[in-house]
Structures are given as structure tokens and as C-alpha cells.
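Some notes on the structure that comes next.
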Amino acid sequence: MFGVSFGGGQQRPSNFLHTNHDQSIVDEVRNTEVVKAIARRVDFLLACYFPNLHSLYTNVLQDLCKHDGNLKPNWEGCCFAAASLNFQNAVTFSHRDYLNLLFGQCAVYSAGSFNYKKGGHLILWDLRLILEFPPGCIIFFPSAMIRHSNTAIQNSETRHSLTFFSASGLFRWRHNNFMSDKDFVAGASRDERATWDEHRRNLWQTGLELLRSM
Numbered sequence: 008m009f010g011v012s013f014g015g016g017q018q019r020p021s022n023f024l025h026t027n028h029d030q031s032i033v034d035e036v037r038n039t040e041v042v043k044a045i046a047r048r049v050d051f052l053l054a055c056y057f058p059n060l061h062s063l064y065t066n067v068l069q070d071l072c073k074h075d076g077n078l079k080p081n082w083e084g085c086c087f088a089a090a091s092l093n094f095q096n097a098v099t100f101s102h103r104d105y106l107n108l109l110f111g112q113c114a115v116y117s118a119g120s121f122n123y124k125k126g127g128h129l130i131l132w133d134l135r136l137i138l139e140f141p142p143g144c145i146i147f148f149p150s151a152m153i154r155h156s157n158t159a160i161q162n163s164e165t166r167h168s169l170t171f172f173s174a175s176g177l178f179r180w181r182h183n184n185f186m187s188d189k190d191f192v193a194g195a196s197r198d199e200r201a202t203w204d205e206h207r208r209n210l211w212q213t214g215l216e217l218l219r220s221m
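And the structure:
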């Protein structure tokens with residue numbers, strides 16, 4: 008994983024850390040023209056189908072990077088804060104990405120050389136859907152909400168994936184005026200705490216409004 012994130016024990020938002028060797032590989036892949044074009048395409052598609060959600064992702068990432076000069080986004084023109092690369096025969100077990108924004112979207116780009124009729128399917132367990140996912144395609148779905156996995160491919164085939172996401176902690180940090188929930192609550196007045204609690208209770212409605220702009 009690479010890019011900007013917050014959660015899992017971090018004290019504040021930061022870029023994922025790697026060894027020098029791994030970082031050189033990440034930089035090489037991230038800076039290829041093909042990968043940059045995919046990132047721009049993902050950003051464009053999110054803006055087309057979920058314009059309000061795209062604005063939220065864009066504004067939060069820009070605000071975070073402006074507030075903290077140590078934060079470096081992956082690509083210019085891509086609103087997702089982080090990404091993950093999986094090479095060769097990429098297969099995942101059934102899971103939810105609990106650290107991502109619950110009502111947000113995760114984007115997955117499929118690549119490689121495999122028969123998508125026989126393998127590499129995306130399974131959305133809660134929806135009881137098994138989807139063909141050919142190489143070169145992009146799919147959006149709320150990965151924090153829907154349990155998902157993908158099927159294996161043949162031993163002679165290859166399948167890679169590039170996943171784009173933004174951790175929910177980044178949105179909370181920005182909403183709290185650049186501080187954690189713990190620090191905000193500790194210093195909030197009674198009125199501020201009441202407003203904050205009401206906002207959290209109504210997040211489900213906020214999410215619906217953002218997704219309703221499809």
C-alpha cells in the first residue's frame with residue numbers, strides 16, 4: 008500500500024512507510040505513464056458517477072496536504088488518498104475493508120492475462136453477486152460495507168490489480184479541524200460536543216445524500 012492514510016495506531020495522517028528497496032519499486036510503478044493514466048481515469052469515473060463524493064474526496068485530500076507539507080499524494084489529478092498493488096495471481100479471501108469510509112467507494116482496476124469467463128470473478132457476498140471482471144476494467148463498490156473476494160485463475164495465467172481507497176480516519180481528522188476524535192472530544196465545549204455527536208448520528212443520511220448523486 009502507498010499514499011496517505013490514518014488509522015491502525017497512527018498518531019496523525021502520514022504516508023505509508025517502506026524500506027528503501029520497496030519504496031524504489033513503488034515509485035517506479037507509480038510514476039509509469041500507464042499507471043498515472045489509470046489513476047486519472049479512476050478519478051474521472053468517480054466524478055461522473057458520484058460527483059458529490061468525488062468533491063468530498065478531492066477537498067479532504069487537498070486540505071490535508073495543504074495543512075501538512077509532509078503528506079504527499081500519489082498522483083496529481085486523482086482524489087483517492089492511497090492505493091494498493093497486487094501482482095501475479097492476486098486472490099483475496101472474503102472480507103470488508105473496515106478502515107475505509109463506510110459510504111465511500113473503492114476503485115479496483117483489473118489487469119493481466121487470464122480467461123475472465125473461468126476465473127478472476129469478483130464476488131459481492133452480501134448482494135449474492137458473482138461478476139466477471141475482465142482485464143482492463145474498473146469497478147467501484149463500497150468495500151467497507153460489502154463483503155467481497157475474488158476467485159482464483161489458472162496456474163498458467165496472471166492477474167494483477169490496482170486498488171484505490173481513502174481511509175475513513177482522514178475524513179474524521181479533517182472534520183475535527185485536523186485532530187483525532189480523542190483530542191477533539193477532550194477539548195470540545197458542551198455545544199461543540201453536542202454538534203459533533205449529532206453529526207455522527209446523521210452520518211448515514213450524509214452518506215445517502217452523497218451516493219444519491221449517481
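This note's numbering numbers the first residue of the sequence shown as 8 and each following residue consecutively.
Beta carbons are placed, not taken as given, at the ideal position from N, Cα and C, and that holds for glycine.
Note that the structure is a prediction, hence the values are computed from the model and not measured.
Within the same chain, show all residues whose beta-carbon is closer than 6 Å to that of residue i, passing over the 5 residues directly before and after it, in chain order.
i: Ser-156; result: Thr-99, Phe-100, Ser-101, Ile-130
i: Tyr-116; result: Ile-45, Ile-145, Leu-169
i: Gly-214; result: Phe-110
i: Gly-127; result: Phe-121, Phe-140, Ile-160, Arg-166
Classify residue i as buried or exposed, calling it buried when 16 or more other Cβ atoms lie within 10 Å of its own Cβ.
i: Thr-26; result: exposed
i: Ile-32; result: exposed
i: Leu-63; result: buried
i: Pro-149; result: buried
i: Pro-20; result: buried
i: Gln-112; result: buried
i: Ser-175; result: buried
i: Asn-81; result: buried
i: Ala-151; result: buried
Can you tell which of the options has the C-alpha that lies nearest to the C-alpha of residue i?
i: Asn-122; options: Asn-162, Trp-132, Leu-60, Ala-89; result: Asn-162
i: Glu-164; options: Thr-65, Asn-22, Ala-89, Phe-94; result: Phe-94
i: Gly-84; options: Gly-176, Asp-50, Asp-34; result: Asp-50
i: Gln-18; options: Trp-203, Glu-216, Asp-188; result: Asp-188
i: Pro-142; options: Lys-125, Ser-150, Pro-149, Arg-166; result: Arg-166
i: Phe-140; options: Leu-217, Asp-75, Ile-153, Ser-120; result: Ser-120
i: Asn-59; options: Cys-86, Lys-124, Glu-40, Lys-73; result: Cys-86
i: Trp-132; options: Arg-207, Lys-124, Thr-158; result: Thr-158
i: Asn-184; options: His-74, Arg-197, Arg-48; result: His-74
i: Ala-114; options: Tyr-56, Gly-76, Leu-136; result: Tyr-56
i: Leu-218; options: Trp-180, Leu-24, Arg-103, Phe-147; result: Phe-147
Quick one: what does DSSP say residue i is sitting in, helix, strand or coil?
i: Leu-218; result: helix
i: Asp-163; result: Before going further, note that residue 163 is Ser rather than Asp in the sequence given. It is coil, neither helix nor strand.
i: Leu-92; result: strand
i: Asn-81; result: coil
i: Phe-87; result: coil
i: Leu-60; result: helix
Quick one: what's got a C-beta closer than 7 Å to residue i's C-beta in the same chain, skipping five residues either side?
i: Val-36; result: Val-42, Leu-92
i: Asn-22; result: Gly-10, Val-11, Leu-78, Lys-79
Looking at the secondary structure, which residues open and close the alpha helix (DSSP H) in which residue i lies?
i: Arg-208; result: 197-208
What residue range is occupied by the uninterrupted beta strand (DSSP E) comprising residue i?
i: Tyr-116; result: 113-120
i: His-155; result: 155-157
i: Val-98; result: Element bounds for Val-98: n/a, residue is neither H nor E.
i: Phe-148; result: 145-148
Looking only at its chain, what residues have a beta carbon closer than 8 Å to the beta carbon of residue i, apart from the 5 residues adjacent to it on each side?
i: Leu-177; result: Val-11, Ser-12, Phe-13, Pro-20, Val-67, Leu-68, Leu-71, Ala-88
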